[in-house]
Structures are given as C-alpha cells and as structure tokens.
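**Student:**
Residue numbers (our numbering), protein chains in the order written: chain A, 1 to 259; chain B, 1001 to 1307.
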C-alpha cells in the first residue's frame, strides 16, 4: 500500500455530510425517540435503581456518575454503529459511494464526510443524554455544555476505527465481532460504571490505552462540574488515536472502493 | 497507430490495466473527436467498463498515456469529472431521496449552487419526461424511468463528455427508443458521447465510430459502415433448421458458410447465388438480408457463449 496523505476537509465532504443529515432529518421522529428514550430508561433503571444501593461513587451520587459515563459511552456507541452498519449500507447494497465517485468527489471526501456525520450523530445522542441528565438533576450547572465538543471528538475517534472494520466487512454479521471483542470490553472497563481506580493496578495501566477511558476522563468532570485532571494527556491521546485511525481508514476504504 | 487529432476530447495510447497480473485491458489506442459519438463494443468481460473507469479516473491504469480534455487524468481527476456525465451500468440512484432530490443531491457534489439547481432540475425532469414524478420515491419507478432519471442525473453538471455504460440493457423497446432519442438530442446539443453496448442496432444507430474489443484488446475500429465493408460480405442468407446438403454444396466457392446453433449463415458479396438457393428451395425457412454489424461482431468475437 502506498503511503497516502491524510485526508483534508473539502466542500465535497460537507456535501456527503449534508446528504446523511437530510436522510436523518426525514427519520428524525423515530431517531429522537430512540436517543431520548433509551438513555432515560437506562438512567432511571440503573441510576436510580442501583444508585439506591451504591449511594455515592467518586464523591458524587451514583446517578450523576453513571449519567456522565453514559454520555461518553453513547458517543462511542453511536459513532461506531453509524460507521459500520450505515456506512456499509451506503457502500455495498445502495452503491451510494459508487455514484458519488462519478462526481468530482474522491474517496477521501467520502471518508471525511462520513466521519463528520458519525460524530454529529454522537453529538445528537450525547446531547440528548446530557439534556435528560440535566432534567433529572444530574448536571452541575450550564458549563456542562462544554462537554459537547468533547462528545464530538469522541465520536470522530470511534468513527474512524468503525470505518476500518467496514473496509474489511463482507457482511453485517462481521460487525458483531468488533462489537463483542472491542466495544463491549471498553463499555465495561473504561470507567463508565465505576472509577478505573478500583481496577487492579496492571489493568489500570492497560485501560489507559483504550480511547474510551480518555473520553470518560474528559467528559465526566465537565458534566459534573469538577476540574479535569490531566486534560492534555487525555486530549492528545484521543487526537493521536483519531488521526491515526482516520489515516488508516482512508487508505483501507480507498483500497476497497478503487480497483 | 493514428495521429492524435487536435480536437480529440479523449486521447489514449497503449492504455492497459492488469488485475493481479491478468490483463483486463491491453494496449488500447483511440481518440474521441469532440462532438462525436464513439462506441465501445465487446462481449461481456471484454474490458469495456474497466476502460471507462480508467477514463474517469475511477480506476488507476497500469500503463499507457491517457488524456481527457487535453489534461492528464492522474493529475486532474476532479476537474475532468467536473465536466463529465456518467450513466453507470447498474442503477445507483439514491433510494433515500425522491426523484427531484436525487438531482439536487447529485448537483451538490459538483458544487452547483442551489438557485442554479432550482432552475436546472425541473427542465432536466421535463427532458426525460419525469416531471410528474418529481416527488416520488425511487423504488416506485420502473426500470425505464430509473434509466431516464440516471441520464438526467448525468446531465446535472451540463457535461461536455457523456459516458454511457450500457444505457439500454434490460429495457423494453419503448424505453430503449426514448433513450436513443435522448442520446441523439445530446449529440445535437454538441455533447461528445462515449457509449458501451452489446446491442448492435444501438451502435449502428448512434455511433459515428466504433471500436470492437475482446479480452481487453482491439479487434477492429471504424465507422459502422466501414466495419461491415471491411469485415463482412455484403449479403447473407440465414437458413433455419436443416439446410439441404446438395444446395449448399452447389454454392460457388466465393460463398462463406458459418454454423451457429441450428442456423446456417451463408455470406457472399454477390446476392445472386443466395437468392437462387432461396427460390429453388421454397420448403426451407430462410432469410436473405444485407450484412449488419452483428455479423461483423460475431465474426470477430466468435459465436461461443461468454460467461
């Protein structure tokens, strides 16, 4: 494989983003219900239900702890789903990319447009949970909205590896491996349900290599109104991971689409 | 090798493409003059679509030089596609949008602004007689309508070059004639057209110049009339079913016979022996006609079935 340059943002990428946004707008009703309904159910069930037994965690009510973790998890989850199932649908059965590649747009424009769209969906979903959490009193004050750019960044970071998986996928069932082997362990291990400081020491170092850990470490303090420790470490970790994955994704999607 | 013409919109020499070492296209030379309709003919798998994809910068070539609009394709992919309209072999309209939205969306990939599209889209739908279906979803359209919409979509950027990959495959005669008349209209409007097909009637009607390829290599090139003159006798007698042996044996040696399926084809530059054979055997089902492009095509590419 030739070393490809890192894809850049162009007008054509925005056209790809806009295409997806317009399709989403049409199905918004069902989508919004899902984005608000699901976290509401989880937060009420787990947060209140479990919270009654747990009481406080890391110096805050368990409900608050869980809500802030869920925001980061949802950013990861939504971007991953979109970059796998939806991108695959556009790439293979619908041949949408084949049509787009007959215009001045190139593979990199599709990659960047899709990454931005996946991150936008993370923003919508994470924002919805943030709103639900705020209504239920889990948010400290208005500064919680600064979590939104972090949610977007988290979305970008997870959309790129999703595209990498899609570039190899021969069918939808392929994605279950990634879900089970990569996303679910992060969901369990990266500090969504409990602070990573409760993990055994070697595990604590290991989870530092997982991007969700860093997303949680940035998003939770913003939501609950605490100072962020090691902001730059987390930010740079996410950025390096995201840029590298984007670069690899663009090369692999190109290999898949251009024969 | 022909001399490159100054006003050639597409100019390629020794164009080649290998997939894992196997040649899909090897050493094609051709020029497409501005304003002409150029046909690329060949059996399935001959390398037609691969050639088109290289021309559009959608597939990197393995060798040769290739210029479109006088520009090297490698360095100017975006600019070249900006001025090119494409009707792909398989429909890939966007099922998430309506008929009109498909054109708007496609226009946005060319950076055409909204006000311009608002003028252009209704007139394009008018052109392909889909104005009444503007707000319908793609899955409600018939195959012919989808093809027409795909043709309208290929015109959204007012292209100089129109690339049509088997534009009428799978269509009924009415839909096919409508596409043909649209292609004629495009030609009158000064567009240069590159067409692939395996309908010889289509090639004869539409193309000024043809290239017949097989296994990625050139077999013959010229105008439809030239190709027929050069590669085939002028007349043919087609005998269905069992041909009387005595009659065939009595044919002059200038006649060439060919068997395909349960038919016998007798080719000759002189119609007389063919007509005599037909008249002397009124019980035999036979048809006398002038040779056509199909005879040339089958002669050059062989009669055996392709995968």
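We put the CB at the ideal spot given by N, CA and C, even for glycine.
Residue 1092 of chain B versus chain A: which residues are under 8 Å apart at the beta carbon?
**Tutor:** Residue mapping note: residue 1092 of chain B aligns to position 92 of the second chain, counting from 1. Under the 8 Å cutoff, chain A gives 94, 95, 96, 98 and 99.
**Student:** Residues of chain A with CB under 9 Å from residue 1056 of chain B, in chain order?
**Tutor:** Counting from one through the second chain, the residue named residue 1056 of chain B turns up at place 56. Residues of chain A passing the Cβ test: 101 and 102.
**Student:** For residue 228 of chain A and residue 218 of chain A, I'd like the C-alpha separation in whole angstroms.
**Tutor:** Translated into positions along the first chain, residue 228 of chain A becomes position 228. Translated into positions along the first chain, residue 218 of chain A becomes position 218. If you take the alpha carbons of residue 228 of chain A and residue 218 of chain A, they lie about 6 Å apart.
**Student:** Which residues in the same chain have their Cβ closer than 7 Å to the Cβ of residue 1186 of chain B, if we skip the five residues on either side of it in sequence?
**Tutor:** Indexing the second chain from 1 puts residue 1186 of chain B at position 186. So the qualifying residues of the chain are 1162 and 1193.
**Student:** Go ahead and label residue 1115 of chain B buried or exposed: buried means 16 or more other beta carbons lie within 10 angstroms of its beta carbon, across all protein chains shown.
**Tutor:** Here residue 1115 of chain B corresponds to residue number 115 of the second chain, with the count starting at 1. Per the 10 Å Cβ criterion, exposed.
**Student:** Let me know if residue 230 of chain A comes out buried or exposed under the rule of 16 or more other beta-carbons within 10 Å of its beta-carbon.
**Tutor:** Counting from one through the first chain, the residue named residue 230 of chain A turns up at place 230. With fewer than 16 other Cβ atoms within 10 Å, it is exposed.
**Student:** So what does DSSP say about residue 1256 of chain B, is it helix, strand or coil?
**Tutor:** Within the second chain, numbered from 1, the residue matching residue 1256 of chain B stands at position 256. Residue 1256 of chain B: strand per DSSP, three-state reduction.
**Student:** Let me confirm a value: residue 241 of chain A is counted as buried when at least 16 other C-beta atoms fall within 10 Å, else exposed. Which label applies?
**Tutor:** Here residue 241 of chain A refers to the residue found at position 241 of the first chain. Under this definition residue 241 of chain A is a buried residue.
**Student:** So, using beta-carbon positions, are residue 1200 of chain B and residue 1264 of chain B closer together than 7 Å?
**Tutor:** By 1-based counting over the second chain, the position of residue 1200 of chain B is 200. By 1-based counting over the second chain, the position of residue 1264 of chain B is 264. Contact: no.
**Student:** Looking at residue 226 of chain A and the ligand FAD, is the gap between the Cβ and the nearest heavy atom below 6 Å?
**Tutor:** Within the structure as shown, the ligand FAD is missing, as the structure has no ligands at all.
**Student:** Considering just the uninterrupted stretch of the alpha helix (DSSP H) at residue 1205 of chain B, what are its terminal residues?
**Tutor:** For the purposes of this step, residue 1205 of chain B is taken as the residue at position 205 of the second chain. Run containing residue 1205 of chain B: 1200-1206, per the alpha helix (DSSP H) assignment.
**Student:** Which term fits residue 1304 of chain B, buried or exposed, when burial requires 16 or more other beta carbons within 10 angstroms of its beta carbon?
**Tutor:** Here the question's residue 1304 of chain B lines up with position 304 in the second chain. Exposed: under 16 other Cβ atoms inside 10 Å.
**Student:** Looking only at its own chain, which residues have a Cβ that is under 7 Å from the Cβ of residue 1309 of chain B, when we skip the five neighbours before and after it?
**Tutor:** Chain B is shown from 1001 up to 1307; residue 1309 of chain B falls before or after that span and cannot be answered.
**Student:** For residue 164 of chain A, which of A:27, A:196 and A:80 has the nearest alpha-carbon?
**Tutor:** Looking up residue 164 of chain A in the first chain gives position 164. Comparing Cα positions, the closest option is A:80.
**Student:** Assign residue 1066 of chain B to one of two classes, buried (16 or more other C-beta atoms within 10 Å of its C-beta) or exposed (fewer than that).
**Tutor:** The sequence position of residue 1066 of chain B within the second chain is 66, counting from 1. Buried is the call here.
**Student:** Tell me which residues share the same chain as residue 124 of chain A and place their Cβ nearer than 7 Å to its Cβ, disregarding the 5 neighbours each side in the sequence.
**Tutor:** Walking along the first chain from the start, residue 124 of chain A turns up at place 124. The answer, listed in chain order, is 35.
**Student:** If we ignore side chains and look at the alpha-carbon of each, how far apart do residue 145 of chain A and residue 100 of chain A end up?
**Tutor:** Here residue 145 of chain A refers to the residue found at position 145 when the first chain is read from its first residue. Here residue 100 of chain A refers to the residue found at position 100 when the first chain is read from its first residue. Computed Cα separation, rounded: 35 Å.
**Student:** What does the alpha-carbon distance come out to for the pair residue 1 of chain A and residue 1141 of chain B?
**Tutor:** Locating residue 1 of chain A in the first chain gives position 1, where the first residue counts as 1. Locating residue 1141 of chain B in the second chain gives position 141, where the first residue counts as 1. Interpretation of residue 1 of chain A is limited by its pLDDT of 46, a score under 50 that renders its predicted location unreliable; no figure is taken from the coordinates.
**Student:** Nearest-angstrom Cα distance between residue 1224 of chain B and residue 1231 of chain B?
**Tutor:** For the purposes of this step, residue 1224 of chain B is taken as the residue at position 224 of the second chain. For the purposes of this step, residue 1231 of chain B is taken as the residue at position 231 of the second chain. Each residue's Cα considered, the two are about 11 Å apart.
**Student:** Based on DSSP bridge pairs, tell me the residues matched to residue 1017 of chain B.
**Tutor:** Here the question's residue 1017 of chain B lines up with position 17 in the second chain. Answer is B:1025.
**Student:** Rounded to a whole number of angstroms, what is the C-alpha to C-alpha distance between residue 1110 of chain B and residue 103 of chain A?
**Tutor:** As a position in the second chain, residue 1110 of chain B is number 110, starting the count at 1. As a position in the first chain, residue 103 of chain A is number 103, starting the count at 1. Roughly 6 Å separates the two Cα atoms.
**Student:** Starting from residue 57 of chain A, follow its DSSP beta bridges and name the residues at the other end.
**Tutor:** Counting from one through the first chain, the residue named residue 57 of chain A turns up at place 57. Answer is A:60, bridged to residue 57 of chain A.
**Student:** Is the distance from the Cβ of residue 105 of chain A to the Cβ of residue 249 of chain A below 7 Å?
**Tutor:** In the first chain, the residue the question calls residue 105 of chain A occupies position 105. In the first chain, the residue the question calls residue 249 of chain A occupies position 249. Not in contact: residue 105 of chain A and residue 249 of chain A (Cβ atoms no closer than 7 Å).
**Student:** Are residue 113 of chain A and residue 13 of chain A closer than 7 Å when you measure CB to CB?
**Tutor:** As a first step, residue 113 of chain A is located in the first chain; it is residue number 113 there, counting from the start. As a first step, residue 13 of chain A is located in the first chain; it is residue number 13 there, counting from the start. Yes. Within cutoff.
**Student:** So is residue 1177 of chain B buried or exposed if we call it buried at 16+ other beta carbons inside 10 Å?
**Tutor:** Position 177 of the second chain, counted from the first residue, corresponds to residue 1177 of chain B. So residue 1177 of chain B ends up on the exposed side.
**Student:** Would a check of beta-carbon distances place residue 1148 of chain B closer than 7 Å to chain A?
**Tutor:** On the second chain, residue 1148 of chain B is found 148 positions in, with the first residue counted as 1. No, because no Cβ of chain A sits closer than 7 Å to the Cβ of residue 1148 of chain B.
**Student:** Thinking C-beta only, is residue 42 of chain A closer than 7 Å to residue 51 of chain A?
**Tutor:** The count along the first chain starts at 1 and reaches residue 51 of chain A at position 51. The count along the first chain starts at 1 and reaches residue 42 of chain A at position 42. Not in contact: residue 51 of chain A and residue 42 of chain A (Cβ atoms no closer than 7 Å).
**Student:** If we cut at 7 Å on Cβ distances, does residue 160 of chain A have a partner in chain B?
**Tutor:** Along the first chain, one-based indexing puts residue 160 of chain A at 160. Not one chain B Cβ lies under 7 Å of residue 160 of chain A.
**Student:** Can you grab the Cα-Cα spacing for the pair residue 1001 of chain B / residue 1076 of chain B, in whole Å?
**Tutor:** Within the second chain, numbered from 1, the residue matching residue 1001 of chain B stands at position 1. Within the second chain, numbered from 1, the residue matching residue 1076 of chain B stands at position 76. Confidence is the limiting factor: at residue 1001 of chain B the pLDDT is only 42, short of 50, which leaves the residue's position unreliable and the question unanswerable from this model.
**Student:** Rounded to the nearest angstrom, what separates residue 1202 of chain B and residue 1180 of chain B at their Cα positions?
**Tutor:** Walking along the second chain from the start, residue 1202 of chain B turns up at place 202. Walking along the second chain from the start, residue 1180 of chain B turns up at place 180. When rounded, the distance between both Cα atoms is 8 Å.
**Student:** Leaving out the 5 sequence neighbours to the left and right, which residues in its chain are closer than 7 Å to residue 109 of chain A when beta-carbon positions are compared?
**Tutor:** Here residue 109 of chain A is taken as the residue at index 109 of the first chain, counted from 1. The answer, listed in chain order, is 10, 12, 13 and 16.
**Student:** Count the other CB atoms within 10 Å of the CB of residue 234 of chain A; is the residue buried (16 or more) or exposed (fewer)?
**Tutor:** If you number the first chain from 1, residue 234 of chain A lands on position 234. When all chains shown are included, residue 234 of chain A counts as buried.
**Student:** Cα separation between residue 169 of chain A and residue 86 of chain A?
**Tutor:** Position 169 of the first chain, counting from 1, holds the residue named residue 169 of chain A. Position 86 of the first chain, counting from 1, holds the residue named residue 86 of chain A. Looking at the two C-alpha atoms, the distance is approximately 12 Å.
**Student:** Just to confirm the assignment, what range does the alpha helix (DSSP H) spanning residue 203 of chain A have?
**Tutor:** Within the first chain, the letter at position 203 stands for residue 203 of chain A. Unbroken alpha helix (DSSP H) run through residue 203 of chain A: 201-207.
**Student:** Applying the criterion that 16 or more other CB atoms from any shown protein chain within 10 Å of the CB defines a buried residue, is residue 269 of chain A buried or exposed?
**Tutor:** For residue 269 of chain A there is no data in the structure shown, the boundaries of chain A being 1 and 259.
**Student:** Using beta-carbon positions only, say whether residue 1271 of chain B and residue 1235 of chain B come within less than 7 Å of one another.
**Tutor:** Numbered from its first residue, the second chain carries residue 1271 of chain B at position 271. Numbered from its first residue, the second chain carries residue 1235 of chain B at position 235. Yes, the pair counts as a contact, with Cβ atoms nearer than the cut-off.
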